[in-house]
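Notes for the one structure printed next.
Residue numbers (full-length UniProt numbering): 1 to 125.
Laid out in structure tokens, this is it:
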């Protein structure tokens, strides 16, 4: 897929955004948060590739462990649309399942070893 502009939203539509990014190779992550949310993520892209069209005030921030990564969720429907990465805070990933007209089940996906980036040992993590 090309580095086209893709439009997306959370489930309830309060948050709408566009992203300029390729969508492959798609990835999942095995960190304690991503393992639970199960999202399929885009490849890394620069912050300038993401534009929030509406609903910035509907986003809530969640941070854990080192508190470098910034995971955003819609405070109304709970959907995770995108996050700023821990490995490089200038880079972001988008939840492919939030993109209009894109079937996340049609992608092959690797697994990023986010669990190895943890500095705090979490029980049952």
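For glycine and all other residues, C-beta sits at the position ideal for the given N, C-alpha and C.
Computed from a predicted structure; not experimentally measured.
When the beta-carbon positions are compared, residue 93 and residue 82 come within less than 8 Å of each other. Taking all protein chains shown into account, residue 67 has fewer than 16 neighbouring C-beta atoms within 10 Å of its C-beta and is therefore exposed. Put simply, of 116, 103, 99 and 105 the residue whose alpha carbon is nearest the alpha carbon of residue 21 is 99.
Rounded to whole angstroms, the Cβ separation of residue 34 and residue 77 is 19 Å, and the two are not in contact under 8 Å. Rounded to whole angstroms, residue 12 and residue 87 show a C-alpha spacing of 30 Å. Approximately 5 Å separates the beta-carbon atoms of residue 50 and residue 19; this is inside 8 Å, confirming the contact. Assignment of alpha helix (DSSP H) within the stretch 34 to 89, counting only whole runs of 4 or more residues, yields no such run. Taking C-alpha positions only, residue 37 is separated from residue 53 by approximately 24 Å.
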